[in-house]
Every structure is written in C-alpha cells, then in structure tokens.
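Each remark here refers to the structure printed beneath this line.
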Amino acid sequence: MSIRKRSICISTRGKLETRKNLEGLSIRGAQEEDPPDPQLMRLDNMLLAEGVSGPEKGGGSAAAAAAAAASGGSSDNSIEHSDYRAKLTQIRQIYHTELEKYEQACNEFTTHVMNLLREQSRTRPISPKEIERMVGIIHRKFSSIQMQLKQSTCEAVMILRSRFLDARRKRRNFSKQATEILNEYFYSHLSNPYPSEEAKEELAKKCSITVSQVSNWFGNKRIRYKKNIGKFQEEANLYAAKTAVTAAHAVAAAVQNNQTNSPTTPNSGSSGSFNLPNSGDMFMNMQSLNGDSYQGSQVGANVQSQVDTLRHVINQTGGYSDGLGGNSLYSPHNLNANGGWQDATTPSSVTSPTEGPGSVHSDTSN
DNA sequence: TTCGATGATTGGTA
DNA sequence: TACCAATCATCGAA
Numbered sequence: 101m102s103i104r105k106r107s108i109c110i111s112t113r114g115k116l117e118t119r120k121n122l123e124g125l126s127i128r129g130a131q132e133e134d135p136p137d138p139q140l141m142r143l144d145n146m147l148l149a150e151g152v153s154g155p156e157k158g159g160g161s162a163a164a165a166a167a168a169a170a171s172g173g174s175s176d177n178s179i180e181h182s183d184y185r186a187k188l189t190q191i192r193q194i195y196h197t198e199l200e201k202y203e204q205a206c207n208e209f210t211t212h213v214m215n216l217l218r219e220q221s222r223t224r225p226i227s228p229k230e231i232e233r234m235v236g237i238i239h240r241k242f243s244s245i246q247m248q249l250k251q252s253t254c255e256a257v258m259i260l261r262s263r264f265l266d267a268r269r270k271r272r273n274f275s276k277q278a279t280e281i282l283n284e285y286f287y288s289h290l291s292n293p294y295p296s297e298e299a300k301e302e303l304a305k306k307c308s309i310t311v312s313q314v315s316n317w318f319g320n321k322r323i324r325y326k327k328n329i330g331k332f333q334e335e336a337n338l339y340a341a342k343t344a345v346t347a348a349h350a351v352a353a354a355v356q357n358n359q360t361n362s363p364t365t366p367n368s369g370s371s372g373s374f375n376l377p378n379s380g381d382m383f384m385n386m387q388s389l390n391g392d393s394y395q396g397s398q399v400g401a402n403v404q405s406q407v408d409t410l411r412h413v414i415n416q417t418g419g420y421s422d423g424l425g426g427n428s429l430y431s432p433h434n435l436n437a438n439g440g441w442q443d444a445t446t447p448s449s450v451t452s453p454t455e456g457p458g459s460v461h462s463d464t465s466n
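The numbering used here applies: residue 101 is where the first sequence begins, and numbers increase by one.
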C-alpha cells in the first residue's frame, strides 16, 4: 500500500472511527485486507521519483537536470530546464487537485452510505460485517479511480520526459537571420563550402547556434544543393545580389572615407563587358567586406572589381553559365562527376584558401 | 490534413 | 575525424 493511499485510508478511517463510536460499529479492517498492489507501488515510486508526489520542494529537479543534460549542454539549457519544471509543476498541481477531489468524494460517499445504512438500521438489523463490506466496496472503487489517475499522471510525465530527452523532438528551425548568415557564407564560398573550425565557430556565434549545428547545416546544405542545383539557383542569385549590395555599400563607404581613387573609373559605362579580376569565386572578394578581416586599406585597391562585380550581379539574368565562362561562382561546375565539390581546376584559381573535403580548412576570412 | 522544408541522427567511407 | 548519404521527425505554410 502506498504512502499516499495509506494516508487517505487513514484520514477516511479517522472519520469512520468517530462514526464507529457513535454507532458502536467497527469498520476498521475494511481497507487493511488489501495486499500491496505491485503496479500501484511502481506508479507511486515513479511519481515520487519524478517529484510529482512527495515533498514539493525541489521535486523533479533531478529529472529536469537529467533532461537538460541530455539536451546537449547548449546555452538554452536553463530555458529547457525551467520549461520542464514548469510543465512538471503543472502536472503535479493537476495530480494533487484530482487526488483531493477523489479523497473528498470518497469521504462524502462513505458518509452518504453510512447515513443510508443508519436509516435502514431502523427498519432492519444491519450487521457490522455488512457495513464493513459496503465501506470496503466504496474504498476499492475509489482506489481503482486513484490508480487510473496515477497511471495517467505517469504517462504525462513520461511524455514530458521523452519530449525533453529526445533531441529530434526539440527541433526548431533556425531564425531567419541565422539562416541568412549561413546562406550568405555558403553562397559566397560556393566553390568550397567547407568552413574551417574557426569559421564555424564564428558562424555559430553570429547565429547563436552550436558549432555542430553549423556543421550539420553545411552538411545538409551541401548535399541538398548538390542534389537539386536547379532549385537552389534562385536562392544563389538572391544571396549573390544581396552580397553584392552589401559590398556596394561598403565600397561606397570606403570611397568616401579614402578619397584616394581617381574621379573616373576606367570601365564605367561599359555594362556589356565585365572585368572580373579572378577566374574563381568572385564572392571571395566580397568576403573581405563582410567578414571580420575587412580593412579599409584593402578596399581602395578592390573598389573597381567590387563595382564591376556588383554591376555584373545586378545585370545577371539568372543563368549560371551564360556568358560567365569560368567565372560562374555558384556554378555546378564546381561539382565534379563523382559528386565531389570541386573539379581539378577550381581550387588553384580561387584567390582565397580553399580545401577539399577532409583536408585542413584554412579559410578563416570570416 | 497534407506535404515540402529542414534540423538531427545514423551508418559507412576515406 | 570530417564528411556523405539516407533517413527520421518536426515545423510551418497552404
């Protein structure tokens, strides 16, 4: 017999003892015949361990801590922890409210039956055994209801725990800003979308996610991009344009600040021909404007190429290889026939450090 | 409710 | 050990 159940029985018994004194009838033992139910014991133990039953103070903290620890040790552990505790408290409150209701109902019903029996005792003899039997029936009925309550409470706790312990269930889409940062990096390093450890850390910091989440994101992105390049063309153009606009702003600011350039630009007005300085990844140039390594002194030398790049991107009609020759940055040409990211010629043609899968990533420009 | 998108996990590979 | 590929499970829009 559980502690909780016993306490209920005792309280009920207390009232019944009073009645016994009044009526000279004993109903003790009606509940004491029940052997301890192993299932009920399991339920009680679990509820006690989870902090649903038993003392409220600190209840469930161990379970919450376990859930939080299992969630990967991320920074939002405290949120998860409090969330878990809040929900557990909710379950606990419902459990105790229901338990009280059952207890009250049990007492009231017992009183009601006792009154009926008392009335009946005027018209017919009622033996103590009969009273005991009736009370026993009532208590068994309410005990089974209590068992159901405990069972549902345990189920609720299990569901809660599984939700917190199973990382997949916790999946949340990254914020729009985070996705944009990751996409910008991906498309500006499309010839070699393998961020170094430092770059991953930087991205993780910027996106408020973990390094492994960054790794997962790039792993997923590379595969999905490779599988359906066509689908990602629009996105690639979008981010290319976005990067270019950012670059333009930076260039404009740099021009204003430096005041070192000649008033005219050699290629201005010749929208038909783009003089891309590098045959490789043109956004590698942008990179220095977006990343931490950006330095005003570099801008002056790159202004022309940035402007050309910007113009090129803005005029681009959407194709990857139309008229771009070897300059198509986000071109599937970077994928070799075996599904690898780079062909034999690409890496050396790119200005910034590039590596293939498995090699040491030295791209720390961001 | 459906279905595409997406973050996470798992097993295999170099 | 990093990465790929397949898969799972959830999210979120329609």
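Glycine is no exception: its CB is placed at the ideal position from the N, C-alpha and C atoms.
Taking every protein chain shown into account, the CB of R192 has 16 or more other CB atoms within 10 angstroms, so this residue is buried. With respect to E198, L148 sits apart: the two C-beta atoms are not nearer than 9 Å. For the pair E232 and L143, the Cα-to-Cα distance works out to about 28 Å.
Within 10 angstroms of the beta-carbon of H212 lie fewer than 16 other beta-carbons, which makes it exposed. Comparing alpha carbon positions, the residue from I237, N320, S153, D137 closest to T253 is S153. Inter-residue distance for N292 and W441 is about 7 Å (C-alpha atoms, whole angstroms).
Distance from the Cα of G319 is smallest, within the candidate group K300, K331, Y195, for K300.
In this structure, DSSP gives H239 a helical state, which the three-state scheme calls helix. With 16 or more neighbouring CB atoms inside 10 Å of its own CB, P295 falls in the buried class. For the set A341, R322, E150, W317, the Cα lying nearest the Cα of A278 is the one of W317.
The residue from E284, V235, S244 with its alpha-carbon nearest to that of Y339 is E284.
Straight through space, the alpha carbons of R322 and H196 are spaced by roughly 52 Å. Within 10 angstroms of the beta-carbon of M214 lie 16 or more other beta-carbons, which makes it buried. Out of F286, I329, N328, the CA that lies nearest to the CA of S315 is found in F286.
Going by C-alpha positions, E297 is about 10 Å away from A304. Sequence-distant Cβ neighbours of I226 in its own chain, meaning closer than 7 Å and more than five residues away, are L217, Q220. When DSSP states are grouped into helix, strand and coil, L290 belongs to the coil group.
A buried status is given to S243, since no fewer than 16 other beta-carbon atoms sit within 10 Å of its beta-carbon.
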